[in-house]
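Enquirer:
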Amino acid sequence: MKNATPALNSLRTTLALAMTTRRAQLGWSQRHLAKLAGVRGAYIGGVEAGSINVSLTNFERIRSALWPSTIGVSVKSFLARRLLEARAKVSQERLAELAHVSISLIVAIEGGRSNTSLDQIEALALSLDADPAAWLGLDPASLQTNAHESDTTQSEAPKLPLRQAVAEDLRKLRQFYAMNQSQLAEKLGQTKGHISQIENAKANFSLVTLERYVNAVMGKAEGPEASYALQLGNELRHKRRDLKLNQEQVAALSGLTESFIGRLERGSAAASMDQLEKLTTALELDGYELLARLYPRVTSDGAPKKLKLREAIQSLMNG
512 MKNATPALNS LRTTLALAMT TRRAQLGWSQ RHLAKLAGVR GAYIGGVEAG SINVSLTNFE
572 RIRSALWPST IGVSVKSFLA RRLLEARAKV SQERLAELAH VSISLIVAIE GGRSNTSLDQ
632 IEALALSLDA DPAAWLGLDP ASLQTNAHES DTTQSEAPKL PLRQAVAEDL RKLRQFYAMN
692 QSQLAEKLGQ TKGHISQIEN AKANFSLVTL ERYVNAVMGK AEGPEASYAL QLGNELRHKR
752 RDLKLNQEQV AALSGLTESF IGRLERGSAA ASMDQLEKLT TALELDGYEL LARLYPRVTS
812 DGAPKKLKLR EAIQSLMNG
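Count along the sequence shown from 1, add 511, and you get the number used in my numbering.
1) How big is the Cα-Cα spacing for Tyr724 and Leu681?
2) Could you tell me the alpha carbon to alpha carbon distance between Asp842 and Leu547, rounded to whole angstroms?
3) Give the straight-line distance between the Cα atoms of Val565 and Glu722, rounded to the nearest whole angstrom.
4) Using a Cβ-Cβ cutoff of less than 6 angstroms, which residues in the same chain neighbour Ala740 once the five nearest sequence positions on both sides are dropped?
5) Considering only DSSP beta bridges, list what Ser717 is partnered with.
6) From what residue to what residue does the alpha helix (DSSP H) around Gly556 run?
7) Among Val612, Ser693, Gly798, which residue has its Cα nearest to the Cα of Gly744?
8) Rounded to whole angstroms, what's the CA-CA distance from Gln758 to Phe570? Just pull it up for me.
9) Would Arg572 count as contacting chain C if we go by Cβ distances under 8 angstroms?
10) In chain order, what residues of the same chain have a beta carbon less than 7 angstroms from the beta carbon of Met784, not counting five sequence neighbours either side?
11) Could you have a look at Ser588 and say whether DSSP puts it in helix, strand or coil?
12) If you reduce the DSSP assignment to three classes, tell me which class Ser628 lands in.
13) Does the count of Cβ pairs from the region 762–772 and the region 646–657 closer than 8 angstroms reach three?
14) Thinking just about the alpha-carbon of each residue, which of Gln686, Leu787, Glu697 is nearest to the one in Val809?
15) Since I believe Val601 is in contact with Leu639 (beta carbons under 8 angstroms), could you give me their beta-carbon distance rounded to a whole number of angstroms?
16) Three or more C-beta pairs under 8 angstroms: does that hold for the region 572–579 against the region 543–563?
17) From what residue to what residue does the alpha helix (DSSP H) around Val610 run?
18) Leaving out the 5 sequence neighbours to the left and right, which residues in its chain are closer than 6 angstroms to Leu775 when beta-carbon positions are compared?
19) Give a yes or no on whether the C-beta atoms belonging to Pro807 and Leu695 are separated by under 8 angstroms.
20) Determine the direct distance from the alpha carbon of Ile620 to that of Glu544, and round the result to whole angstroms.
21) Can you tell me which residues form a DSSP beta bridge with Ser566?
22) Give me, in chain order, the residues of the same chain whose beta-carbon lies closer than 8 angstroms to that of Lys731; leave out the 5 immediate sequence neighbours on both sides.
23) Out of curiosity, what's the CA-to-CA distance linking Leu699 and Ala535?
24) Inspect the beta-carbon positions of Leu747 and Leu794 and report whether they are closer than 8 angstroms.
25) Let me know if Leu671 comes out buried or exposed under the rule of 16 or more other beta-carbons within 10 Å of its beta-carbon.
26) Would a C-beta distance cut-off of 8 angstroms place Gly623 and Ala591 closer than the cut-off?
27) Does the Cβ of Thr720 have 16 or more other Cβ atoms within 10 Å, making it buried, or fewer, making it exposed?
28) Spatial neighbours of Glu769 within its chain, please: CB distance less than 6 angstroms, with the 5 preceding and 5 following residues excluded, ordered by chain position.
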């Protein structure tokens with residue numbers, strides 16, 4: 512671990528080179544990039560000259576314009592994860608001393624709340640013998656992957672929010688079993704209007720509601736199968752441990768409370784779709800692909816199918 516003051520500006524140079532290279536690939540001018548990123552043209556020029564200590568907010572704007580697929584989560588969340596992993600055996604106080612930054616800055620970054628700058632990120636990374644570029648997805652491997660994914664997905668439809676994607680599945684499942692909203696509402700003891708709100712993703716419905724909905728349409732599965740909440744909680748706990756994160760760190764990354772994370776992992780929290788989206792994003796999981804394994808999904812051939820959750824999460828972790 513380095514005790515000397517880190518030499519800065521290499522991260523600025525890395526970003527400048529990555530930006531100019533990517534712009535050339537896309538055939539964009541600085542002015543065009545500035546328009547897409549919502550900044551001034553002169554600002555892009557300064558960044559590419561390495562003379563601007565870019566904030567995380569502006570970095571994310573630039574990154575989203577040049578590499579739309581990016582890293583799957585917000586830059587602040589991605590940075591928080593990288594710092595937490597690199598600092599595993601170093602206290603916040605010691606890191607603050609090594610990097611010549613405040614403890615409050617480290618706390619804010621790890622909580623995904625800091626609009627820090629490239630120079631501060633570089634100081635922290637070098638103090639932990641880490642690659643600053645990798646903390647922002649600017650290392651060669653990430654840039655190559657992101658550029659390829661961006662080029663092949665720019666014409667695809669944007670990813671749906673978790674609530675909307677699951678709601679569409681529920682509507683298709685109900686229609687497959689030739690049940691109208693009034694019939695389903697009667698089974699659930701709800702109003703037709705409430706069913707409509709769920710299927711139109713206007714209601715932030717819970718995992719419990721999802722399970723009751725599926726059981727009402729298809730009938731409760733026979734056998735001792737655990738509830739959706741227990742199945743999901745167990746797998747989320749395994750994923751968190753695989754990432755070497757504690758519940759407090761996951762809470763900071765997701766914006767949820769530590770007590771809620773604990774109850775969710777025990778299967779005792781009535782988590783909503785929006786809360787699950789925050790949590791799976793923090794754990795770098797595709798929330799829809801994971802959650803959709805809990806219930807039968809109507810496939811292209813018209814048959815509702817379901818994979819085992821363990822199989823699903825393992826494939827997500829491997830791929």
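By construction, the Cβ of each residue, glycine as well, lies at the ideal position given by its N, Cα and C atoms. Note that the structure is a prediction, hence the values are computed from the model and not measured.
Expert: Looking at the atomic coordinates:
1) 8 angstroms
2) In the structure as shown, the chain begins at 512 and stops at 830. Residue 842 is therefore absent and cannot be evaluated.
3) 46 angstroms
4) Leu718, Gly778
5) Ser783
6) 552–559
7) Gly798
8) 29 angstroms
9) In summary, chain C is missing from the structure at hand, where a single protein chain is found.
10) Leu673, Arg674, Val677, Asn715, Phe716
11) helix
12) strand
13) no
14) Gln686
15) 7 angstroms
16) yes
17) With the sequence shown as reference, residue 610 is identified as Ala, and Val is not the correct amino acid for it. Counting along the chain, the alpha helix (DSSP H) containing Ala610 begins and ends at 603–610.
18) Gly744, Ala782
19) no
20) It is worth fixing the name first, because residue 544 is Leu in this sequence and not Glu. So the alpha carbons of these two residues sit roughly 27 angstroms apart.
21) Ser628
22) none
23) 57 angstroms
24) yes
25) exposed
26) yes
27) buried
28) Gln758, Glu759, Ala762
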